[in-house]
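Trainee: Take this structure first; my questions come after.
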Amino acid sequence: MSGGRVITLQIDGRDCGADENQTILEVAQENGIFIPTLCHLNGLHPVGGCRICMVEVEGAPRPLPACVTHPAEGMRVTTDTPELRRRRRLILELMLAEGNHVCAVCVVNGHCELQELALQLGVDHLEIPALYPRREVDASHPRFGLDRNRCVLCTRCVRVCGEIEGAHTWDVMGRGLKAAIISDLNQPWGEAESCTACGKCVQVCPTGALFEKGKATGEMVKRHLHLPLLTAMRKEEEER
Amino acid sequence: MNPEELQRIAAEELQAKSAAKHRIGVCTASGCLSCGSREVLKAIEQEAAARPEANLRIEGVGCMGLCSRGPLVMVQSGPVPAENSGAGAETAFLFKELTPADAPALVAYLEQQKSDPPTVAAGSTASSLAAKRCDLSAPFFRRQVKVVLEQFENIDPERIESYLAAGGYRALLDCLHHRRPVEIIDEITRSGLRGRGGGGYPVGLKWSTVAKAGAFVPQAGRSSRQSAGATAADRPDGPRKYVICNADEGDPGAFMDRSVLECAPHRVLEGMAIAAYAVGADFGYLYVRAEYPLAVERLRKAIVQAEKRGLLGRNIGGSAFNFQVEIRLGAGAFVCGEETALLASIEGRRGQPRPRPPYPAEHGLWGCPTLINNVETLANVAAIINRGADWFAALGTEKSKGTKVFALAGKIKNTGLIEVPMGISIHEIVHEMGSGEVGGIKAVQTGGPSGGCIPAEHFHLPVDYESLQAEGSIMGSGGMIIMDEGAAMVDVARFFMEFCVEESCGKCAPCRVGTTQVLLLLEKIGRGEGTAADLGQLEELCHLLQQTSLCGLGQSAANPVLSTLRFFRREYEQLLVDNTGKSNETDGSQSPQQGPQEVKK
Chain A
1 MSGGRVITLQ IDGRDCGADE NQTILEVAQE NGIFIPTLCH LNGLHPVGGC
51 RICMVEVEGA PRPLPACVTH PAEGMRVTTD TPELRRRRRL ILELMLAEGN
101 HVCAVCVVNG HCELQELALQ LGVDHLEIPA LYPRREVDAS HPRFGLDRNR
151 CVLCTRCVRV CGEIEGAHTW DVMGRGLKAA IISDLNQPWG EAESCTACGK
201 CVQVCPTGAL FEKGKATGEM VKRHLHLPLL TAMRKEEEER
Chain B
1 MNPEELQRIA AEELQAKSAA KHRIGVCTAS GCLSCGSREV LKAIEQEAAA
51 RPEANLRIEG VGCMGLCSRG PLVMVQSGPV PAENSGAGAE TAFLFKELTP
101 ADAPALVAYL EQQKSDPPTV AAGSTASSLA AKRCDLSAPF FRRQVKVVLE
151 QFENIDPERI ESYLAAGGYR ALLDCLHHRR PVEIIDEITR SGLRGRGGGG
201 YPVGLKWSTV AKAGAFVPQA GRSSRQSAGA TAADRPDGPR KYVICNADEG
251 DPGAFMDRSV LECAPHRVLE GMAIAAYAVG ADFGYLYVRA EYPLAVERLR
301 KAIVQAEKRG LLGRNIGGSA FNFQVEIRLG AGAFVCGEET ALLASIEGRR
351 GQPRPRPPYP AEHGLWGCPT LINNVETLAN VAAIINRGAD WFAALGTEKS
401 KGTKVFALAG KIKNTGLIEV PMGISIHEIV HEMGSGEVGG IKAVQTGGPS
451 GGCIPAEHFH LPVDYESLQA EGSIMGSGGM IIMDEGAAMV DVARFFMEFC
501 VEESCGKCAP CRVGTTQVLL LLEKIGRGEG TAADLGQLEE LCHLLQQTSL
551 CGLGQSAANP VLSTLRFFRR EYEQLLVDNT GKSNETDGSQ SPQQGPQEVK
601 K
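Here the protein sequences come in this chain order: A and B. The first sequence lines up with residues 1 to 240 when you count with full-length UniProt numbering. The second sequence lines up with residues 1 to 601 when you count with full-length UniProt numbering.
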């Protein structure tokens with residue numbers, strides 16, 4: 001994003017130049033500073049839902065999500081403190097306890113963003129009780145499958161389908177722990193008329209919740225790096 | 001309608017009222033209606049029709065506060081008091097718990113025109129009536145200062161004439177004809193009015209932010225399907241600003257806004273119209289919970305009446321100002337009281353909050369600058385315009401001006417609705433006004449699921465935004481639940497956490513899963529199976545909720561737990577297995593369920 005005022009801020013003590021329309025996360029990434037993320041995906045609108053990318057901003061009463069917070073002149077951001085690490089670990093533990101994440105039998109084992117995040121943050125066991133929910137699996141689509149047990153409600157599928165594909169097949173139904181991804185008006189995916197079977201949702205899903213049929217454990221590799229390119233091309237097209 | 005016509009209607013109404021020897025007002029708010037005030041009203045009307053010589057004027061009026069003793073009936077005699085004078089009628093009696101069977105005695109008594117109230121000696125029927133008379137000099141009534149609830153006993157909620165006679169819509173016309181928007185904002189700013197929905201944000205500051213923001217051409221949602229609920233008429237082509245009245249009151253045990261909407265819908269509409277004129281908006285939404293059918297019905301009626309009289313719609317009061325109001329019903333999600341979730345809900349999207357900034361004042365409904373105020377906040381506006389900022393600022397404390405309406409519930413004798421000046425002590429509210437047994441009350445819970453418990457030792461504290469916050473509670477929207485020794489604080493915390501689990505929207509992970517984990521720990525501790533480690537984890541999770549949740553619901557969801565931990569930690573520790581080995585101390589007669597059930601009522 002560009003077009004705004006140019007400002008300077010400090011991230012982890014380093015002076016960074018930024019456009020005021022950027023997010024702290026974008027500025028950090030540009031400057032080679034790593035902030036862990038989960039629901040965020042370059043190319044989609046950020047929602048600030050997973051709260052993994054929380055950073056400390058001097059003067060703010062509580063940490064702020066880097067993916068939706070815009071920089072301000074003179075802002076001092078800290079992306080890594082023992083406190084932040086503890087919070088991030090606990091949030092990830094909450095998410096792992098929420099679903100049924102059994103890596104050994106998962107199609108994305110070894111290529112899973114949730115798994116990788118757990119490794120990065122050092123979450124190797126849960127200190128809170130796992131909830132072991134019973135959630136529905138939707139295998140009605142001829143090419144793809146949805147295992148809600150592995151869903152972390154990042155809503156990347158909802159966003160990619162609405163914003164990029166323009167089909168808006170996916171949405172969220174229900175509140176709290178009962179919130180679930182649904183296709184169309186909660187029809188089986190295979191019967192969802194709006195679905196174009198483009199597979200973008202599968203590619204952006206950070207876990208094994210959305211997968212291609214016929215893939216065995218560890219075989220499902222996701223590809224979503226073309227998304228920013230796609231949005232940039234779209235924008236160019238619109239501006240022409 | 002021009003000011004002269006308005007005065008004529010008000011004068012006619014006043015004359016009709018004054019012509020009657022006695023005015024009988026029967027409460028027709030939800031509380032009294034549910035215990036049969038409609039039948040009482042009918043019985044009195046029938047009785048009065050049979051005795052026209054009694055010269056009675058009978059009408060349904062608004063809430064008179066003592067909701068636990070309904071149906072309430074107010075009898076006033078003598079000239080109608082001048083508006084805004086603060087004085088009551090020459091003589092006024094309030095009767096509680098009236099039944100249709102009391103109607104003949106009441107009418108017969110009034111027909112005799114005695115100047116004294118009915119006494120016990122006056123006969124068998126009259127004696128039952130005498131027993132039902134409320135003492136209006138009791139602290140419950142005497143301590144109140146009414147701004148928002150002013151004249152409720154004289155206003156028929158279903159007739160605009162009645163509101164006009166009480167001085168209604170004068171402030172709006174005064175603003176439209178004699179004041180510039182910037183002067184109105186200045187008046188509100190000087191009054192020191194702060195948001196009554198719980199946040200306490202300075203109202204004048206919010207208004208001026210919206211006023212300064214440039215009107216904006218409404219935008220569709222991010223994708224076409226997302227804004228499917230919105231019609232083309234909602235999103236006009238021209239630049240716009242909006243005013244929204246947040247009437248999505250949802251705290252357990254709170255019913256202040258419901259009462260204001262049911263009893264003086266026009267007062268809220270007038271406040272909205274003044275706000276709209278001040279900030280430059282021409283369209284307003286009233287976001288009301290669908291669980292308030294009577295409020296919705298009366299608001300609908302009020303909007304039609306106001307439009308008919310030219311007080312809403314185009315060229316209001318003969319001025320160039322246009323303002324249209326529509327009602328939107330909330331479908332029962334607590335989180336929709338959060339302003340960004342409320343906006344999403346009005347736009348026809350899933351009622352979920354979004355990160356702020358941008359704040360609605362700059363980027364609100366369909367991207368337009370939007371002023372969102374709570375019902376009670378808007379109900380204060382006309383009074384401030386009529387009587388001036390200085391009068392309002394003289395009420396209350398240095399930082400919290402004016403009055404606050406509280407809904408009293410729980411273990412006190414007088415439960416119901418009160419309006420008190422800010423700075424009054426909790427002791428005065430609970431023990432003097434509520435007649436709570438001194439020594440028998442353990443704590444008061446304020447602010448609902450976002451608030452906390454204040455122990456009896458701290459009842460000397462003044463009620464204002466800062467004091468309550470310093471105690472780990474919040475002023476909140478005004479729910480006050482009074483608990484006695486029978487309330488087990490771990491269970492109280494559990495009840496509010498259950499509520500938050502139920503109402504978490506699921507967007508952010510800490511609130512979606514964290515609330516459930518906190519609830520599991522509270523249940524475990526409550527069963528007497530918790531350990532010291534569990535208590536540590538409980539606190540850790542509570543801080544996580546506070547620090548990392550997306551919206552106010554999650555950020556404040558832990559308050560009931562943290563505040564009970566702060567003041568009643570012993571109760572938690574007594575339940576831990578590895579500490580004393582003892583299980584729950586409460587015996588059968590004081591069931592641990594008692595507190596929570598009280599709340600559920």
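In this text, a Cβ means the ideal position worked out from N, Cα and C, and glycines have one as well.
1. What residue does the alpha helix (DSSP H) around B:W391 start on, and which one ends it?
2. For residue 605 of chain B and B:G472, what's the separation of their Cα atoms in angstroms?
3. Name, please, each residue of chain B whose Cβ falls closer than 8 Å to the Cβ of A:G48.
4. Which ranges does the alpha helix (DSSP H) cover as unbroken runs of at least 4 residues, wholly within the UniProt domain "4Fe-4S ferredoxin-type" (142-173) of chain A, from first to last along the chain?
5. With DSSP run on the structure shown, which of helix, strand or coil describes B:A230?
6. Under 9 Å between beta-carbons, which chain A residues line up against B:L342? List them in chain order, please.
7. Grab the span of the alpha helix (DSSP H) containing B:Q445 for me, first residue to last.
8. Counting contacts by CB-CB distance shorter than 8 Å, is B:R289 in contact with chain A?
9. Less than 8 Å between the CB atoms is what I'm expecting for B:G332 and B:E297, so what's the real figure, rounded?
10. Nearest-angstrom Cα distance between A:G4 and B:T403?
11. Please work out which residues of its chain come closer than 7 Å, Cβ to Cβ, to A:G48, disregarding the five sequence neighbours upstream and downstream, and give them in chain order.
12. If you draw a straight line from the alpha carbon of B:E59 to that of B:A131, how long is it in whole angstroms?
13. Compare the Cα-Cα distances from B:E183 to each of B:G167, B:R69, B:G204 and report the closest residue.
14. Between the Cα of B:K411 and those of B:I384, B:S425, B:I441, B:P421, spot the shortest distance and give me the residue it belongs to.
15. How far does the beta strand (DSSP E) with B:L329 in it extend, from its first residue to its last?
16. Measuring alpha carbon to alpha carbon, tell me which of B:R512, B:L461, B:G486 ends up nearest B:I474.
17. Determine which residues of the stretch 358-387 of chain B have a Cβ less than 7 Å from any Cβ of chain A, and write them out in chain order.
18. By alpha-carbon positions, which one of A:R135, A:Q203, A:L227 ends up nearest to A:E98?
19. Find the residues of chain A that neighbour B:G452, judging by a C-beta separation of less than 8 Å, and give them in chain order.
20. Express the C-alpha separation of B:K524 and B:F567 in angstroms, rounding to a whole number.
21. Can you grab the Cα-Cα spacing for the pair A:E20 / A:V6, in whole Å?
22. Could you list which residues in chain A have their beta carbon closer than 8 Å to that of B:L553, in chain order?
23. In chain order, what residues of the same chain lie with their CB nearer than 7 Å to the CB of B:Y201, ignoring the 5 residues before and after it?
24. Based on the DSSP secondary-structure assignment, which residues constitute the bridge partners of A:E212?
25. Going by the CB atoms, is the gap between A:T78 and A:I35 shorter than 8 Å?
26. If we call anything under 8 Å between Cβ atoms a contact, is B:I244 one with B:Y285?
27. Per the DSSP calculation, A:L225 is bridged to which residue(s)?
28. Quick one: what does DSSP say A:F34 is sitting in, helix, strand or coil?
29. Give a yes or no on whether the minimum CB-CB distance between A:I11 and chain B is below 8 Å.
30. Output yes if chain B places a C-beta closer than 8 Å to the C-beta of A:R89; else output no.
31. Which residues, in order along the stretch 322-334 of chain B, keep a beta-carbon less than 9 Å from a beta-carbon of chain A?
32. Per the contact definition of three or more C-beta pairs closer than 8 Å, is the stretch 59-78 of chain B in contact with the stretch 26-33 of chain B?
33. Looking only at DSSP bridge pairs, what is B:G452 linked to?
34. Measuring CB to CB, does B:E540 end up less than 8 Å from B:L519?
35. So A:V95 contacts chain B; which residues on that side make the cut at Cβ distance below 7 Å?
36. Mind listing which residues of the stretch 2-31 of chain A have their C-beta closer than 7 Å to chain B's C-betas, in chain order?
Mentor: Let me lay it out:
1. 389-394
2. Only positions 1 to 601 of chain B appear in the structure, and residue 605 of chain B is not among them; the question remains open.
3. R354, P355, C508, L550
4. 156-159
5. Its pLDDT being 45, under 50, B:A230 is placed unreliably in this model, and the coordinates cannot settle the point.
6. Within 9 Å Cβ-Cβ: nothing; B:L342 doesn't reach chain A, min ~16 Å.
7. No alpha helix (DSSP H) holds B:Q445; the beta strand (DSSP E) holding it covers 441-446.
8. no
9. Rounded, the Cβ-Cβ distance is 18 Å, inconsistent with contact.
10. 44 Å
11. P65, C67, V68
12. 23 Å
13. B:G204
14. B:I441
15. 324-330
16. B:L461
17. none
18. A:R135
19. Neighbours of B:G452 on chain A: none; closest Cβ ~18 Å, over 8 Å.
20. 20 Å
21. 6 Å
22. The premise fails here: B:L553 is roughly 11 Å from chain A at the closest Cβ pair, so nothing lies under 8 Å.
23. R194, G195
24. A:F144
25. no
26. yes
27. Answer by DSSP bridge pairing: none, since A:L225 is not bridged.
28. coil
29. no
30. no
31. A333
32. yes
33. B:T446
34. no
35. Correcting the residue type first, residue 95 of chain A is Met in the shown sequence and not Val. A509, V513, listed in chain order.
36. none
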